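Remarks on the structure that follows.
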Amino acid sequence: MHPVVSILDSFAADGSEPGAAVCVIRDGEVEVEHQVGTRDGAVPWDPATLVMTYSVAKPFAALTVLTAVAEGALGLDQRVAEVWPEYASAGKAATTVRQVLAHSAGLACFPEAAADVPYDDRAALVAMLAAAPPEHEPGAAVAEHALTYGHLCDEILRRATGDDLADRFAAIAAAHGWDVHLRVSPADLGRVADVVAVDAGWPASYLDDPRWGPALGRPPGLLDIDVLNSERFRTCSFPAVALHASARGLARFYADLMSPDGAVATLLGPALHAAYVGTAATGRDRVLDREVTWTLGFQVDDEEISMGGAGGSSAWWSFGGSYAAAYVTRGLGTHDRGTAVWEALEQR
1 MHPVVSILDS
11 FAADGSEPGA
21 AVCVIRDGEV
31 EVEHQVGTRD
41 GAVPWDPATL
51 VMTYSVAKPF
61 AALTVLTAVA
71 EGALGLDQRV
81 AEVWPEYASA
91 GKAATTVRQV
101 LAHSAGLACF
111 PEAAADVPYD
121 DRAALVAMLA
131 AAPPEHEPGA
141 AVAEHALTYG
151 HLCDEILRRA
161 TGDDLADRFA
171 AIAAAHGWDV
181 HLRVSPADLG
191 RVADVVAVDA
201 GWPASYLDDP
211 RWGPALGRPP
221 GLLDIDVLNS
231 ERFRTCSFPA
241 VALHASARGL
251 ARFYADLMSP
261 DGAVATLLGP
271 ALHAAYVGTA
281 ATGRDRVLDR
291 EVTWTLGFQV
301 DDEEISMGGA
311 GGSSAWWSFG
321 GSYAAAYVTR
331 GLGTHDRGTA
341 VWEALEQR
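Here the numbering used here is used: position 258 in the sequence shown is 258, and no number is missing along the way.
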């Protein structure tokens, strides 16, 4: 038995995993794909099940912006205010597209006034970002733009091309066979898993934290189980976190990611692909409170290029193991389960 199969089965047996999937791709072939539990307490999880994965979304938001760079509609070192003039206010006139994508733009949190704004009032949230002063000099520090990242990417793309980010990404994903979605279509709603809290500290452990509370609590509702399971949320565009994906879809993307002849590299071209996966900014992340190296969308270290999300889902390419993997779960808790999957794969 493949070790990740026994790990997932043990989590399901002890009740810590209500529904999850893992997919591992090595040398272009699926090495293992396994699902446990249900998508809603009744319907068994299957390979086509989608689940909300929080910040696993961010590389896809970044990729979508980079396609506009590849087309010449934007420049990485272009000032955001050149396409979005309102963004020049409050000390942000020199902020570049690259700094936004590398989490160094200084807008890691929506302003306090966003606590009274519905999460799907995109126009109001974007206007708040344009008016907000940066929390640090753009480019001088890093801080994961937990909820703001997608709105920044979306508005930059809209101003440069007229395209909605979720719609543009949907076309990219469909063309490449990636079963990952920044907005769930009506036809796909029936295969989305309902999330549940498996950690007694959810969501208080985030909301009560002085770093995470502002980063994830404004606008309100994005840690609320009822909100996350609503059709309203699933069909809105909140590109920093509202990625609904299958394990297979994520693994296929990561299996292609580092190949110089792959779909991602072909989409972006060699130089832009190198920028997408290469180091863009390094430092002690002010939200994560640890040393982080950011690319233009991913976290990267000596072992892997990856992105995980609140609740426990994650996807990665292993440099040492030369494999791609994704672990997705509807049980919102810590990253302990995903770490166990990663450790088992790294030891093979």
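C-beta: ideal position from N, C-alpha, C; glycine also.
All of these numbers come straight from a predicted model, not from anything done at the bench.
Query, Result
"Please state whether the Cβ-Cβ distance between P219 and Y149 is less than 8 angstroms.", "no"
"Let me know the secondary structure DSSP gives C236 once reduced to three states.", "coil"
"Spatial neighbours of S318 within its chain, please: CB distance less than 6 angstroms, with the 5 preceding and 5 following residues excluded, ordered by chain position.", "E304"
"Under a three-way DSSP split, which group does D154 fall into?", "helix"
"Since R330 and G15 should fall inside the 8 angstroms C-beta cutoff, what is the C-beta to C-beta distance between them, to a whole number of angstroms?", "Contact doesn't hold; Cβ gap of about 14 angstroms is too wide."
"So for M128, helix, strand or coil by DSSP?", "helix"
"Any idea which residues DSSP pairs T96 with across the strands?", "R79"
"Buried or exposed: A13, going by 16 or more other Cβ atoms within 10 Å of its Cβ?", "exposed"
"Report yes or no: do three or more beta-carbon pairs, one from the stretch 60 to 68 and one from the stretch 21 to 41, lie closer than 8 angstroms?", "no"
"So, for V32: in the same chain, excluding its five sequence neighbours on each side, which residues have a beta-carbon less than 8 angstroms away from its beta-carbon?", "H2, V4, V5, V22, C23 and V24"
"Please return the same chain residues whose Cβ sits closer than 6 angstroms to the Cβ of R284, not counting the five positions on each side in sequence.", "E291"
"First and last residue of the beta strand (DSSP E) that includes H273?", "No beta strand (DSSP E) holds H273; the alpha helix (DSSP H) holding it covers P270 to V277."
"Look at the Cβ atom of A315, then the Cβ atom of L296, and state whether they are nearer than 8 angstroms.", "no"
"The beta strand (DSSP E) with W202 in it runs from where to where?", "W202 -> no beta strand (DSSP E), and no H or E assigned at all."
"So, are the CB atoms of L361 and V65 less than 8 angstroms apart?", "Since the first residue of the chain shown is 1 and the last is 348, residue 361 is not available in this structure."
"May I ask you to list the residues that DSSP assigns as paired with S306?", "Q299 and W316"
"Distance, Cα to Cα, A245 vs A105?", "28 angstroms"
"Please report the straight-line C-alpha distance between S185 and V227, rounded to a whole angstrom.", "17 angstroms"
"I'd like the list of long-range same chain contacts for R159, defined as Cβ closer than 7 angstroms, with 5 residues on each side in sequence excluded.", "V83 and W84"
"Measuring from the CB of L243, is there a heavy atom of the ligand MN at a distance below 7 angstroms?", "With respect to the ligand MN, the structure shown offers nothing to examine, as it has no ligands at all."
"Just to confirm, are A243 and V192 a CB contact at a threshold of 8 angstroms?", "Just to set this straight, residue 243 is Leu in the shown sequence, not Ala. No. Outside cutoff."
"Output the boundary residues of the beta strand (DSSP E) element that contains T49.", "Run containing T49: none; DSSP gives neither H nor E here."
"For W178, which three-state DSSP category applies?", "coil"
"What do you reckon, are the CB atoms on R248 and E17 nearer than 8 angstroms?", "no"
"CB-CB under 6 angstroms to G217, same chain, minus the five flanking residues each way: which ones, in chain order?", "L207"
"Checking the sheet assignment: what are the DSSP bridge partners for G19?", "G37"
"For P44, which of helix, strand or coil comes out of DSSP?", "strand"
"Any contact of the stretch 137 to 145 with the stretch 248 to 257, i.e. 3+ C-beta pairs under 8 angstroms?", "no"
"According to DSSP, what are the bridge partners of V196?", "G331"
"On a CA-only basis, which of H273, H34 and A81 is nearest V341? Give me that one, please.", "H34"
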